[in-house]
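Report on one structure; see the data block that follows.
Number of protein chains: 2
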Amino acid sequence: MASHTNDPPVATDGREIGERAKATRRKLLDATRVLLTRHGFSDVRLVDITREIGASPATFYQYFTDIDDALLALSNEVTENSGALIELLEAPWAEPADYERAVAFIDAYIAYWADNRAVLRVRNLKAEEGNADFRRARSAAQLPLMQAISTKVENNMAAGRISADLDTQATAAAVLAMLERLTAYRAELSARGTGGAALETTLSRIVFQLVTGHSNV
Amino acid sequence: MASHTNDPPVATDGREIGERAKATRRKLLDATRVLLTRHGFSDVRLVDITREIGASPATFYQYFTDIDDALLALSNEVTENSGALIELLEAPWAEPADYERAVAFIDAYIAYWADNRAVLRVRNLKAEEGNADFRRARSAAQLPLMQAISTKVENNMAAGRISADLDTQATAAAVLAMLERLTAYRAELSARGTGGAALETTLSRIVFQLVTGHSNV
DNA sequence: TGTACATCAGTGAACGCGCGTTCACTGATGTAC
DNA sequence: TGTACATCAGTGAACGCGCGTTCACTGATGTAC
Numbered sequence: 001m002a003s004h005t006n007d008p009p010v011a012t013d014g015r016e017i018g019e020r021a022k023a024t025r026r027k028l029l030d031a032t033r034v035l036l037t038r039h040g041f042s043d044v045r046l047v048d049i050t051r052e053i054g055a056s057p058a059t060f061y062q063y064f065t066d067i068d069d070a071l072l073a074l075s076n077e078v079t080e081n082s083g084a085l086i087e088l089l090e091a092p093w094a095e096p097a098d099y100e101r102a103v104a105f106i107d108a109y110i111a112y113w114a115d116n117r118a119v120l121r122v123r124n125l126k127a128e129e130g131n132a133d134f135r136r137a138r139s140a141a142q143l144p145l146m147q148a149i150s151t152k153v154e155n156n157m158a159a160g161r162i163s164a165d166l167d168t169q170a171t172a173a174a175v176l177a178m179l180e181r182l183t184a185y186r187a188e189l190s191a192r193g194t195g196g197a198a199l200e201t202t203l204s205r206i207v208f209q210l211v212t213g214h215s216n217v
Numbered sequence: 001m002a003s004h005t006n007d008p009p010v011a012t013d014g015r016e017i018g019e020r021a022k023a024t025r026r027k028l029l030d031a032t033r034v035l036l037t038r039h040g041f042s043d044v045r046l047v048d049i050t051r052e053i054g055a056s057p058a059t060f061y062q063y064f065t066d067i068d069d070a071l072l073a074l075s076n077e078v079t080e081n082s083g084a085l086i087e088l089l090e091a092p093w094a095e096p097a098d099y100e101r102a103v104a105f106i107d108a109y110i111a112y113w114a115d116n117r118a119v120l121r122v123r124n125l126k127a128e129e130g131n132a133d134f135r136r137a138r139s140a141a142q143l144p145l146m147q148a149i150s151t152k153v154e155n156n157m158a159a160g161r162i163s164a165d166l167d168t169q170a171t172a173a174a175v176l177a178m179l180e181r182l183t184a185y186r187a188e189l190s191a192r193g194t195g196g197a198a199l200e201t202t203l204s205r206i207v208f209q210l211v212t213g214h215s216n217v
């Protein structure tokens with residue numbers, strides 16, 4: 001394990017792999033993703049994955065040591081694709097007019113989760129169960145976001161808009177926790193009459209207030 | 001499934017069970033909980049559970065149809081034990097001095113998660129994967145809390161402390177989401193220098209502000 | 001351009017293990033008189 | 001209080017299935033000349 005944290009991918013025997021093999025590896029990862037979305041995590045078997053792409057189970061072992069290894073590779077990919085989110089946090093949130101930036105970030109965050117829900121779910125489960133590799137994957141994704149938000153909080157605190165005895169790291173963590181978890185509630189809230197639009201607006205307002213201290217937008 | 005949502009427990013063949021059987025069922029549930037905490041969810045096997053209490057795997061089938069059935073029973077138990085949390089939300093949060101109530105609630109919430117982490121984790125996973133029984137279990141636990149918080153937000157909104165164009169349900173959901181998710185980050189935050197005390201204080205302050213509109217405690 | 005050879009990629013077929021599951025049974029507990 | 005019987009609770013032993021895993025192989029692709 002921990003063998004797929006970087007490019008380029010290598011086969012399990014250590015040699016580098018060509019185009020054809022890369023495509024097969026890709027197909028295996030995509031199939032894993034599909035099965036993870038279609039069924040529950042505990043129903044995804046190694047043989048199902050290879051069946052899905054019409055390959056022999058032996059093929060799987062050319063690229064991954066076991067299912068966890070493939071899940072970890074997916075998790076790391078998902079982390080790598082979070083760069084766009086970080087970029088949306090580069091500009092400062094200071095003036096009330098910066099609210100639009102918060103909205104853009106939150107929209108992107110929700111979309112990111114919608115796209116990667118099944119993988120993120122498993123990554124977080126494994127991380128919370130104590131698996132070191134998945135812990136690292138989760139941290140790699142979250143720390144940059146947390147750092148960026150924490151810095152914003154700090155700046156706004158320095159400007160006197162946020163109470164100085166709040167912990168900036170903890171505040172940033174709270175914001176991220178809220179965003180992350182709420183994406184799981186969306187379906188249920190919708191069913192109970194709180195539509196996606198109301199949720200997004202309220203969420204943006206809350207996040208902007210927590211980070212900047214501006215309550216009246 | 002869905003057979004263990006209410007007391008008293010019955011055997012899988014339908015008859016009511018006596019004291020001895022009740023104790024065995026209890027032991028099976030406790031063992032499941034222990035294994036869930038000790039290992040990852042996907043490593044918990046039916047035979048492990050019975051091995052843990054020195055019983056035959058056949059015994060398991062007297063009380064549960066399969067592992068999911070036992071997990072669901074545990075989930076429902078955990079829901080039933082959340083009554084204390086609701087009680088902590090009965091008194092109003094309106095005056096700045098009510099902050100202590102928020103702190104008490106948040107402490108209780110954190111403790112509740114610490115005690116039931118392994119079960120709640122699986123419940124949420126299954127719910128998010130679309131399992132109807134676990135969805136129901138999760139809703140049964142969350143809706144009362146959400147309702148109670150939503151009412152508080154409404155009252156404070158009526159008193160003019162909270163912007164009237166926020167959605168009260170969405171705000172309540174945001175608060176709960178934040179609490180729920182942050183419990184998973186605690187270990188990591190501690191490791192990075194943001195101790196439990198700082199986290200709890202910041203969290204309490206944020207929650208109190210979101211619910212009541214009081215920012216200066 | 002064509003042929004020979006080397007390396008890369010994929011698999012068929014087999015394996016053994018351990019899991020979930022079943023059922024006829026034995027043993028434990030409760031009850032009637 | 002003691003005995004006979006009924007019901008409750010637990011299990012030994014067996015089963016078959018499907019999974020993960022392996023390895024010697026075949027086929028596909030690349031390269032040298």
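Heads up: the sequence lines are chains P and G, in that order.
To convert, note that position 109 of the first sequence is 109 in the working numbering; the numbers rise steadily by one, no gaps.
To convert, note that position 177 of the second sequence is 177 in the working numbering; the numbers rise steadily by one, no gaps.
Every residue gets a Cβ at the ideal spot worked out from N, C-alpha and C, and that includes glycine.
Straight-line Cα distance separating residue j from residue i
i: Leu189/P; j: Gly195/P; result: 7 Å
i: Asn155/G; j: Ala198/P; result: 19 Å
i: Val10/G; j: Thr79/G; result: 19 Å
i: Arg135/G; j: Leu71/G; result: 13 Å
i: Ile86/G; j: Glu200/P; result: 27 Å
i: Gln142/P; j: Glu16/G; result: 50 Å
i: Gly40/G; j: Thr59/P; result: 27 Å
i: Leu35/P; j: Val175/G; result: 32 Å
i: Gln209/P; j: Thr202/P; result: 11 Å
i: Ala97/G; j: Thr212/G; result: 11 Å
i: Tyr109/G; j: Gly54/P; result: 48 Å
i: Glu90/G; j: Leu120/G; result: 24 Å
i: Glu180/G; j: Pro92/G; result: 22 Å
i: Asn6/P; j: Leu74/P; result: Its pLDDT being 43, under 50, Asn6/P is placed unreliably by the model, and the measurement read from it follows with that caveat. Straight-line Cα distance between these residues: approximately 12 Å.
i: Arg20/G; j: Leu125/G; result: 33 Å
i: Glu100/G; j: Ala111/G; result: 16 Å
i: Ala173/G; j: Arg161/P; result: 25 Å
i: Ala191/G; j: Glu77/P; result: 25 Å
i: Lys22/G; j: Gly14/G; result: 14 Å
i: Gly18/G; j: Gly193/G; result: 52 Å
i: Arg123/G; j: Ala140/G; result: 12 Å
i: Thr24/G; j: Ser204/G; result: 41 Å
Option nearest residue i by Cα separation, candidates the options
i: Arg117/P; options: Thr50/P, Thr151/P, Tyr185/P; result: Tyr185/P
i: Arg214/G; options: Ser204/P, Leu143/P, Arg192/P, Ser163/P; result: The question names Arg, but residue 214/G is His in the sequence shown. Among Ser204/P, Leu143/P, Arg192/P, Ser163/P, the Cα nearest to that of His214/G belongs to Ser163/P.
i: Ile106/G; options: Glu52/G, Ile149/G, Ser56/G, Arg121/G; result: Ile149/G
i: Ser42/G; options: Thr50/G, Glu19/G, Thr32/G; result: Thr32/G
i: Gln62/P; options: Tyr109/P, Arg26/P, Arg38/P, Val153/P; result: Arg26/P
i: Val153/G; options: Ile49/G, Thr171/G, Val44/G; result: Thr171/G
i: Thr50/G; options: Arg38/G, Asp30/G, Arg161/G; result: Asp30/G
i: Ala159/G; options: Val103/G, Val207/G, Glu95/G; result: Glu95/G
i: Ala102/G; options: Leu74/G, Leu88/G, Asp69/G; result: Leu88/G
i: Asp115/G; options: Glu129/G, Val207/G, Thr37/G, Arg20/G; result: Thr37/G
i: Ile206/G; options: Ala187/G, Met178/G, Arg192/G; result: Met178/G
i: Gln147/G; options: Gly18/G, Gln169/G, Gly14/G, Asp165/G; result: Gln169/G
i: Gly129/G; options: Ala187/P, Leu28/P, Ala23/P, Gly18/P; result: A small fix is needed here, since residue 129/G is Glu in this sequence, not Gly. Checking every option, the nearest Cα to that of Glu129/G belongs to Ala187/P.
Buried or exposed (CB count within 10 angstroms, at least 16 for buried), residue i
i: Asp167/G; result: buried
i: Thr12/P; result: exposed
i: Val47/P; result: exposed
i: Leu145/G; result: buried
i: Asn219/P; result: It is not possible to answer for residue 219/P, since the shown part of chain P is limited to 1 through 217.
i: Asn81/P; result: exposed
i: Ser56/G; result: exposed
Cβ-based neighbour list, residue i, same chain, cut-off 6 Å, excluding 5 preceding and 5 following
i: Trp113/G; result: Thr183
i: Ala127/G; result: Phe134, Arg135, Arg138
i: Ile67/G; result: Leu46
Start-to-end residues for the alpha helix (DSSP H) that takes in residue i
i: Arg135/G; result: 132-158
i: Pro57/G; result: 57-63
i: Ser82/P; result: Looking at the DSSP string, Ser82/P is not in any alpha helix (DSSP H), and its letter there is neither H nor E.
i: Trp113/G; result: 99-128
i: Thr202/G; result: 196-212
i: Ser190/G; result: 168-191
i: Ala38/P; result: Per the sequence presented here, residue 38/P reads as Arg, with Ala not at that position. Per DSSP, Arg38/P belongs to the alpha helix (DSSP H) from 19-38.
i: Ile49/P; result: 46-52
Same chain, Cβ closer than 7 Å to residue i, neighbours up to 5 away in sequence not counted
i: Ala84/G; result: Ala108
i: Met157/G; result: Ala164, Thr168
Cβ-based neighbour list, residue i, same chain, cut-off 8 Å, excluding 5 preceding and 5 following
i: Val44/P; result: Thr32, Leu35, Leu36, Ile67
i: Ala104/P; result: Leu88
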